[in-house]
Structure formats: C-alpha cells, structure tokens
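Right, one structure below, let's go through it.
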Amino acid sequence: MTNAYIYDHVRSPRGRGRANGSLHEITPVDLASQVLASLRDRNDLDTSKLDDVILGCTAPVGEQGSCIARTAVLNADFAENVPGKQLNRFCASGLEAVNTAAAQIMAGQSDLTIGGGIEHMSRIPMGSDSGAMHADPAIAYKTYFVPQGIGADLIATMQGFSREDVDAYAVESQKRAANAWEKGYFDNSVIAIKDHIGMTLLDKDEHLRPGTTAEDLAGLKAAFVIPGQQGGFDAVALQKYPQVEAINHVHTGGNSSGIVDGAAAVLLGSEAMGKALGLKRRARIRGFSSIGTDPTIMLTGPAPSAEKVLSRCGMTTKDIDLFELNEAFAAVVMLFMQRLDIPHDKINVNGGAIALGHPLGATGAMILGTVLDELERRDLNTALINLCVGGGMGTATIIERV
Amino acid sequence: MKTIDYRVDTDGVAVLTINVPDKPMNVMTPDFLADLKEAVARITNDANVKGAVITSGKDAFMAGADLKDLVATFDQRTDAAEVYGWCRGLQQSLRKLETCGKPVAAAINGTALGGGLEICLACHYRVAANNPKAVFGLPEVQVGLLPGGGGTQRLPRLIGIEPALQLITQGKHVKPGEAVELGFVDKLVEPGTEIDIARTWVLEEGDPEQPWDKKGFKVPGGAGLMNPSVIQTFMVGTSLLQKMTNHNYPAPIAIMSAVYEGTVLPMDTALDVETKYFVSMLMNPVSRNMTRTLFINKGAADKLVRRPRGPEKRVVTQLGILGAGMMGAGVAFVSARAGMQVVLLDTTQEQADKGKDYSRNLLQKRVEKGRMTTEEARVLLERIHPTTDYEDLRDCELVIEAVFEDRAIKADVTAKAEAVMADDAIFASNTSTLPITGLAEASKRPKQFIGIHFFSPVDKMPLVEVILGKETADVATAQALDYIQQIRKTPIVVNDSRGFYTSRVFGVFSREGINMLAEGVKPALIENVARHAGMPVGPLAVTDEVSIELSHHVMTQTKKDLGDQYIASPADAVIEKLMDLGRKGKKAGKGFYEYPQGGRKHLWSGLTDLYPRASEQPSADEVRKRILYVQAIETVRCMDEGVVMHPADADIGSIFGWGFPPYTGGTLSFIETEGLAAFVAEADRLTEKYGARFSVPDSLRKMAENNETFYSSAENTPRRSAA
Chain A
860 MTNAYIYDHV
870 RSPRGRGRAN
880 GSLHEITPVD
890 LASQVLASLR
900 DRNDLDTSKL
910 DDVILGCTAP
920 VGEQGSCIAR
930 TAVLNADFAE
940 NVPGKQLNRF
950 CASGLEAVNT
960 AAAQIMAGQS
970 DLTIGGGIEH
980 MSRIPMGSDS
990 GAMHADPAIA
1000 YKTYFVPQGI
1010 GADLIATMQG
1020 FSREDVDAYA
1030 VESQKRAANA
1040 WEKGYFDNSV
1050 IAIKDHIGMT
1060 LLDKDEHLRP
1070 GTTAEDLAGL
1080 KAAFVIPGQQ
1090 GGFDAVALQK
1100 YPQVEAINHV
1110 HTGGNSSGIV
1120 DGAAAVLLGS
1130 EAMGKALGLK
1140 RRARIRGFSS
1150 IGTDPTIMLT
1160 GPAPSAEKVL
1170 SRCGMTTKDI
1180 DLFELNEAFA
1190 AVVMLFMQRL
1200 DIPHDKINVN
1210 GGAIALGHPL
1220 GATGAMILGT
1230 VLDELERRDL
1240 NTALINLCVG
1250 GGMGTATIIE
1260 RV
Chain B
12 MKTIDYRVDT
22 DGVAVLTINV
32 PDKPMNVMTP
42 DFLADLKEAV
52 ARITNDANVK
62 GAVITSGKDA
72 FMAGADLKDL
82 VATFDQRTDA
92 AEVYGWCRGL
102 QQSLRKLETC
112 GKPVAAAING
122 TALGGGLEIC
132 LACHYRVAAN
142 NPKAVFGLPE
152 VQVGLLPGGG
162 GTQRLPRLIG
172 IEPALQLITQ
182 GKHVKPGEAV
192 ELGFVDKLVE
202 PGTEIDIART
212 WVLEEGDPEQ
222 PWDKKGFKVP
232 GGAGLMNPSV
242 IQTFMVGTSL
252 LQKMTNHNYP
262 APIAIMSAVY
272 EGTVLPMDTA
282 LDVETKYFVS
292 MLMNPVSRNM
302 TRTLFINKGA
312 ADKLVRRPRG
322 PEKRVVTQLG
332 ILGAGMMGAG
342 VAFVSARAGM
352 QVVLLDTTQE
362 QADKGKDYSR
372 NLLQKRVEKG
382 RMTTEEARVL
392 LERIHPTTDY
402 EDLRDCELVI
412 EAVFEDRAIK
422 ADVTAKAEAV
432 MADDAIFASN
442 TSTLPITGLA
452 EASKRPKQFI
462 GIHFFSPVDK
472 MPLVEVILGK
482 ETADVATAQA
492 LDYIQQIRKT
502 PIVVNDSRGF
512 YTSRVFGVFS
522 REGINMLAEG
532 VKPALIENVA
542 RHAGMPVGPL
552 AVTDEVSIEL
562 SHHVMTQTKK
572 DLGDQYIASP
582 ADAVIEKLMD
592 LGRKGKKAGK
602 GFYEYPQGGR
612 KHLWSGLTDL
622 YPRASEQPSA
632 DEVRKRILYV
642 QAIETVRCMD
652 EGVVMHPADA
662 DIGSIFGWGF
672 PPYTGGTLSF
682 IETEGLAAFV
692 AEADRLTEKY
702 GARFSVPDSL
712 RKMAENNETF
722 YSSAENTPRR
732 SAA
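Protein sequences appear in the order of chains A and B. The opening position of the first sequence corresponds to residue 860 in the numbering used here, with each subsequent residue numbered one higher. The opening position of the second sequence corresponds to residue 12 in the numbering used here, with each subsequent residue numbered one higher.
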C-alpha cells in the first residue's frame, strides 16, 4: 500500500453563521475557492498534478449545489484537468473528504489530492437539503428519528451529566480557544478571507466569547425543551430508551457547537509526488474508519469509531498523544472521555466547536489541521481526529508525524 | 339500479339519489358499488346528460363501508393482490366520475362519513345543507384503516396537507360550517335547497375539471420535501404520531405516508399509492381487532345481546343508591343525567349532601364550558335527593349499594333497604372484589340480588360489569342490563368469582409490575414499557392511583378468605413494605411515586434502595410480554372457570374496563393475533422462567393443537364486499 502524506493544511476563519457574520457577503464558492487558491499559492503548486479535489458539504443545494468542488476548482483557476467531487457524511464530511482523498492515494489510483470541506451556514442554513431521514414519515417512524439535541440531552441524562457539568466543559472550551488565539497557535493555518477588491473580510474566528463564565452560561435556556415536550421527540426517544424515566434537557446554545461559515483544505500526496514537487511531508495518514450506531441517540459514534480505527492500526488509546473530537455538544465529548478513559488535558487542547463554531461540511478537515499544528508545536507524534455524525455514525482518523 | 335512484330531468341534469334498501343509513354494499359504476357509465355515455347531482334519499348522506365485510376480509386471509383488485373498484368509479367531462355536484343533505364523504370529494362542486345534526369526516383510522376512496389524496389537494392530516389521522368529525371554512365544501345552504342549488351550479357554472387535473396545479401550502413548512409538518407530525400511538397502531403512519408520497404524484398514481396502503391495513390484524371489538361486538353489547329474552323491558324511574362516596355520587350523576329520580342515601345528611355536591361540581364545569345550559343543569341536579332515611327507597325499582368493601356493613344496608323495597325491586351491589353469592346471603331474596360493578370515575368510564350470583334470576339480569342501557354504558355479563373478571385481571397486571420491581427491574423500564405496550398507566402508577392502602386491604381480605389456598407472590411483600413506610399511594402524596406540590410526579428514589437494580435488566420486549401475557392468560382462566362466558365480553371488558390496549382487540383477540400455538410456546417459556402464573390452561393448549380460535369465523359473517 502506498502511504498518503499530509503536505499542508489551510482553513478560513469561522464567521458568525448569521446575517451579521463577516463572511455572509461572499458566496460559498468564493469562500471555498480562496482556501484552495491559498493552498496552491503557499506551496507554489502546479495544480495540473492534482488528481482530485474532494470537498465535504452537508447542504449541497442552491449555491452549494451542483458539485461545489468542481465549481470551486474552476473558480480558483486551477488547471482545467483537475476534477472535483462533493461528498456528504453529515458532520464528518470534511474529515471523510480527507480520508477519501488519502484512500485514492493509498490505493495507488491518485498521486496528489486535496480533501476539505465547505459550509456557508449563513447563506445555506442547516437542513436546506431536506431529507427522508427526518421528514419521510415511514423512515422517521421506522428509525425513531429525533433531532440531535434530544440525543445529546439523552446522553447527558443516561450518564448523569448535570447542567453544571456540561456548562463547566463549555467554559473550558472557551478558555482554551481564547488562549490558542492569543498565543497564535492557529496562525499557521488560518488565512484571511477577502472581498473581490482585496479588502479583508475576516482573519480571525469570530464566534468565540473569551471570558465566558459558568454564571453566564447558567442563564441560558435549554434549547430542546420545546421540541422535546411539545414536538413529542422526548416521548419518541424514550420509546427507544424505556429505562430512562425522563430526559433532562441540559444543552443550550452555550454548551453546543456554534453555527458558522467556513472552509478548509488539506493537501495530500504520495511520497514520490511530494518529492517531485519539492513538498515537505508533515504527517502520514495512519488509518481511518467510520461506523454506525443507534440513529435515535445519534451521537454515540465517536468511541466505537475510535476503537475501530485504533484496532485497524494495531494501536490503543495509549499510543495517541492528542485527541480531537468535534464539540457538537458538550455531552458528546464528555461521554467519549468517559468511555475511553481520556484525560481532559489530552483532548481538544485548543478548544473546539463550542467556542469556535462548527461549519458542518468543513469542520473535520479543520480540526485535523488544528491538531497537526499542535502536534508540531508540542513536538508530539500521533493524533486521533473524530466526529459524531448524523444518523448515528462516527468517523475517525489517525495521523502520525513523519 | 337497486341502491341509486337515477333520473334525468328536462334540463339534462342527472340526479342520483342514493337509497340503499333495508339499511338505516346508506352504506357501501356490493350492490351500491355496482350501481355507482353503472351510474357513472350512464352519465358519461348519455349525450342528453349535461351533468349530474348526487344526493341521498335518507337523513344522512352516506356512511362508509359495512364493517362486518371488512372483518371478513381479514379472516379469509386473502392474497394481497386479490384484495388490491377489489379495493380498486370504488377508486376507479370515482376517478371516472371526476374525469367524465361533465360537471358533477354533490348535494350533501346530511352526515357524510368515510366513503360517503369521499364520493363528495370526487365531485367537482359540493353544496352542503346547513343541517345542525350533520357531520363530515374520514373516521377510518378508528378501525385501523385509512380512507380508501381517494380521501388521502383529494382532501389535501383541496385544503392543504397539514389540515387534511389532522382530520384523517385523528378521524375527526366537523360540522358543515367548519367544512366550508376548511375549504372542502364550497357552499352552505338552507336545508332542502341543496339539490336545486347544486343543479343550478351544474347548469350555469359547471366546471367539469378538478383543480388537480388542471395544468400547473399546486397543493395548497405546498407538497414535497423541498418545501420547508411541509418538512416541518411531516417531521413533527411523525413524532407526535409516535407519541400518540407508541408504534402500536399502523394506520396513522400509513395515512401520513399515503399523503406524503401521494401529494407529489399525478392523481391516478396517487390513488394507486393510497389503495396499496389501504390493502396493507386491511390485511393487518390491528384493523380486524379494532373493528371486531370496538365496533361490531361493542355495538352488540350496547344493544344488550346478553339480555335474557324472557323478562319484559322495564325502565327505572327511581333509583336508590346506598353510600354517597365517590362511586355512589358518580352513579347518582349518570343516572340523573339519564332522567331518573335518584335517592342518594348515606349515614348522615352531611355525607349525603356531599354526594350531591359531586354532581353540582361536574355540572358547573359543563355549564362553564358551554356544554350545558344553567337550566339543564338545575333540572338534572333536582333529580338527586340526598337523604338518611331508608323509607325514601320505597318506590325505587332498583337499589344499588356502594358502601365500603366490608361484608358486615354491606349485609347491614342490604337488610335495611330490603325491609322497605317493593317486592319486585332489584337490589344490586357495586362491589369490585367481594363475591356476589356471599353478599347475597344477607338478602331475603337472593334471586333479585345482582352485582353491578361500575368503574371510577363513573361519568367517564364506559363499561359496567354485571355479576351474576349463584341465585341471581333472569329478571334481575334483565333489569340490570336495561338500567345500564338507560345510562348509555356498555355492559358485560360475568359469573361470580373473587374479583369477578375485570378486577381480577387488572389485579394480575399491577401485581406483575410490582413483581418485576421486587426482582430488581428498573422501575422506569417497567412503567415506560407498560405504557408503550398500550396500557394507559404503568402498573406502579396505577397502584398508587387506586391506592396502596386499597391493594393492601384487598390482599388482606383475600388471604383471610382463602386461608391455605392463597398463593403468595413477591408483590405481597412489596405492598406490605410500602404500607409500613406509610407510602399509601397518590392520595397520601407518596407511594411508588413522589408527588411534589406543583411539580410532575416522579418515581421515588428510595425504591432502588429497597429493591436494588439487578445487574442484568430484561429487554423491553420481555417486560412487554410479561405485562400483556399475564393478563391474557388470566383471562383464559376466567373463561375456563366460566367467569366470563363469551370471548366478546372478555375483549370488551378488558379494553373498556381496565384499559387493555385497543389495538389488540382485547385480551383474547391478543392471543389470536399472536397465534395460539406461538402464544402457548411463549407462555411455556415465561412459566419456566417466572413461575406458574404464566402457565396456560389445558383448554388453550388443546385449542392451539386443534388450530381453533376463540371467535368462530361464522361470528364474523363471511360476506365479502365486491368493492
């Protein structure tokens, strides 16, 4: 098997995913193109060597539709021979794009690829692509579909995580993210996004709220009480989990991932191609796995997907220096730490989506780059990147510096 | 044509008057379906016919199918393709009607339900008489079906998906005025003018094309999953539907799917989608179960199918009630509501008055809600006469005692009442647990002594269990049943036994829940699974509601009466323990649950200390089986012992008495649905694991071996509609 190496990574800053967000005025294609162009420019890349550009996107409709990857390739003025494909594994799409781009290299069918993702949530809101999973009555009925926040609250209830517990986790995420920005830990990967006359729109994540305290968070209303009770979703969840007397709704906008706009791209290639192009290998993709778990509780995929990839690589959690698990909801990360016995100081060391935001289709590629930068800064070797995924799935990737 | 009077007037309007002979209401008989097909052909082919008006020759416009035919279809286990074939008949006739090229108007003179309303929806224009008694609706869901004559397709295309779903998934009825507001009736007119106005429309405006057959048609409010509000409707609708049905009723979700899938299709394909869902519901046992028990057999019970024919019908004009507690007061209310004078007797005037106040409160609420006028309430209340004087019982045709469940007290009031009652008056005991034959020993005339067991709260619970003592004569049975019909409740008739039928089987339900608690099963699992299985309340919650004190009292009395014969269960010790701790139930503010003031009740955390959780918890399916099987098996024992004499009574009593889930069709239909052989095998496994209370009587084993069922197919009248 050919090894797939990571040669570089760039990402956009994450703009508030609302009408007042700094990236709201530019189109998703423009946002993705600037990230691709930056990856080309800083590596002085001959793009005609690229075999494929794969972008994750969870709402590939409207201006994110009709294969945004190829659209962005064309808009970024890559060579005409570079194809593009868009894929969707919900929240892990960005990581899945990297995995797929790596897989093409590992299988010997590509030499140089880009995997990444795009989600412009202020322009194409979450759920714009609709779907049978939650709205075809026969399917939603058969699978006991509930919105993911209900699943997060169900996890908290079953694990006994109180509102204070999840809020404390969120406070720490804000603290770590603020610290990382202050110390410049993200500088290597974050590029400024500009308008077409060259003025900078955003060069720093704008969702985070440094200095957030537990008291601030305690004042927020639990977000899923109304859908849970009036929408009937609590009752549906309990039909699947009858051992639970009632769901304790603990998740709020303050301890869940933020809605943001963003894009990311990772340059991957074989050793030979890297040499030919004069690129420096930063890390190797050790392995990756995805898995399905119960779709109702939906967010329990991370631990099994981590175990699956560890086992495929012949590794244990002890062999991993840093963990990066998307902070979709505080309880998801807390459950993962509990299940796999991961100390808090080894996971999400620079904060996560609670502070920084979660541009659905791009996050996986972003956090892979974040943890790679951190491995280099700390001079450590291995990291496991992991996301909980809609439909009960989980996706995990292990990288290793070279 | 036998069922449709077809006349073409001088203006060239064909007036079709539906009049199905020998039926009080127009229903879709095979003859009618053949006639409809013929009438549609005549309208289409007769060049002299310019258009048509459809109306009814009876007070109501038309109801739907004949339910007996539907049950027969299930029992014949017909092949799906064959059922599909005959289900398309109505569908095709109506589709031909709306595409015949001539305008057709419905002149809806009265109630139009199910297939009756679907005929109207297939017309191009609907005129409804403003008849205060008329209701319109698609109630098929109540018998586990969906509208099969285009209702799931035409209604959403007329009024939008969300309002259509509300009507169809709940089987709701609406008044003519509401139908106009919703938009599926075009015009509301003075009764008697509907045919003329419909005819005028045909002649002057008549558009022979349905909106959905016109180019560019859009479902009002949108359809399909690229429409955000439609997404929301189906997503939240499916969730609320699951909350309501606990996945036990297949029809509501089939309706949702038929509407979801059909509303993005052209009409012909959409109707086919509906027909296929209709076929799958028709072949589902839930539909058979609900139709047979809730409609056919309950209807027969309401018509007093069990009444001995000999004694003449006798109306109760004056009723005596001994004991003005919760039950006595409730019986007084429902009897006064039925027009009887009620003598409500208790030991003190104050207590008797308090019993009357119960009705006063209920009436006040009804007046406040506008369901009754002040005058009606006053008249009703005046019929209740609280007293302490037994002399007042002199003219009562029927006296019902509802005093404390204690033999001595009951014997005392029996003697006092009989001392003044007329020779032909009947004495009834509203006991829920004490054998009638024993109580009748206190009577001078045990032939006129009978049990009439009401359920609490009396004004809401539809069932009354009539219990025959050893000596009870037909005249008493007939009188009791006539009285129950007067108060518009559903009777079942059972023989004497401890707990009779309903209390006895209800008792094994709550005890099985408590047994599981004693074994260390998580209380939330017990309670949730019981509710998910379709019981209205979990076994622990219901024990709290009837009070642990009462359970304890019954248990103690039973132990005393049975002596060595008493079979103890782990639940006994649990009841003793909670009594010792003073956790007497909901009224006491604590039992298996805590009842915080102003908050929601929740399971008492101390239960876990008393009954530590077993390390291995049973699956939800296992808990569900235990809960449903234990009740079904006890019912078979009641049949075996002759306590219950008819399977229909067992089924009706289980659903309307203690809330056995309606989708099962009742405790015995549940066994039939599981399949007798499979049921016996599963019961054997449960016996092995949990004990003799799951052992099936030999009679059931034999029935299973011989492939017998409780209901003979003859009872289901194997006629089939040629629809």
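The beta carbon of each residue, even a glycine, is placed where N, CA and C say it ideally should be.
Neighbour list for residue i in chain A, Cβ cutoff strictly below 7 angstroms
| i | result |
| --- | --- |
| Ile242 (chain B) | Ser989 and Ala994 |
| Ala631 (chain B) | Pro1101 |
| Met267 (chain B) | Pro996 |
| Val540 (chain B) | Pro1101 |
| Tyr640 (chain B) | Neighbours of Tyr640 (chain B) on chain A: none; closest Cβ ~18 angstroms, over 7 angstroms. |
8 angstroms Cβ cutoff, residue i in contact with chain E
| i | result |
| --- | --- |
| Leu1097 (chain A) | This model lacks chain E altogether; the protein chains it does include are A and B. |
Short CB-CB distance (under 8 angstroms) between residue i and chain A
| i | result |
| --- | --- |
| Asn59 (chain B) | no |
| Met294 (chain B) | no |
| Phe245 (chain B) | yes |
| Ser665 (chain B) | no |
| Ile264 (chain B) | yes |
| Asn718 (chain B) | no |
| His543 (chain B) | yes |
| His564 (chain B) | no |
| Met237 (chain B) | yes |
| Gln164 (chain B) | no |
| Lys254 (chain B) | yes |
| Leu614 (chain B) | yes |
| Gln628 (chain B) | yes |
| Tyr95 (chain B) | no |
| Asn257 (chain B) | yes |
| Val369 (chain B) | One detail in the question is off: residue 369 (chain B) reads as Tyr in this sequence, not Val. For Tyr369 (chain B), the answer is no, since every Cβ of chain A falls outside 8 angstroms of its Cβ. |
Residue-chain proximity (residue i, chain B), Cβ-Cβ < 8 angstroms
| i | result |
| --- | --- |
| Val1103 (chain A) | yes |
| Phe1266 (chain A) | Beyond the ends of chain A as shown, which are 860 and 1261, falls residue 1266 (chain A); an answer cannot be given. |
Cβ pair residue i, residue j closer than 8 angstroms
| i | j | result |
| --- | --- | --- |
| Pro319 (chain B) | Thr488 (chain B) | yes |
| Gly127 (chain B) | Ala45 (chain B) | no |
| Ile498 (chain B) | Val345 (chain B) | yes |
| Thr619 (chain B) | Ala643 (chain B) | no |
| Ile332 (chain B) | Val316 (chain B) | no |
| His979 (chain A) | Gln923 (chain A) | yes |
| Thr501 (chain B) | Leu479 (chain B) | no |
Per-residue burial, residue i [other beta carbons within 10 Å of its own, 16 or more giving buried]
| i | result |
| --- | --- |
| Thr675 (chain B) | buried |
| Pro887 (chain A) | buried |
| Asn718 (chain B) | exposed |
| Leu573 (chain B) | exposed |
| Met278 (chain B) | buried |
| Ser732 (chain B) | Only weak support is given to the placement of Ser732 (chain B): the predicted model assigns it a pLDDT of 35, under 50, and the value that follows is read from those uncertain coordinates. When all chains shown are included, Ser732 (chain B) counts as buried. |
| Ala190 (chain B) | buried |
| Thr384 (chain B) | exposed |
| Pro984 (chain A) | exposed |
Three-state secondary structure assigned by DSSP to residue i
| i | result |
| --- | --- |
| Lys598 (chain B) | coil |
| Leu1136 (chain A) | helix |
| Glu201 (chain B) | coil |
| Thr861 (chain A) | coil |
| Thr1229 (chain A) | helix |
Amino acids of chain A, ordered along the chain, whose beta-carbon sits closer than 8 angstroms to that of residue i
| i | result |
| --- | --- |
| Ala735 (chain B) | As displayed, chain B neither begins before 12 nor continues past 734, which places residue 735 (chain B) out of reach and without an answer. |
Partners in chain B for residue i, counting only beta-carbon separations shorter than 8 angstroms
| i | result |
| --- | --- |
| Ala999 (chain A) | Phe245, Met246, Thr249 and Ser250 |
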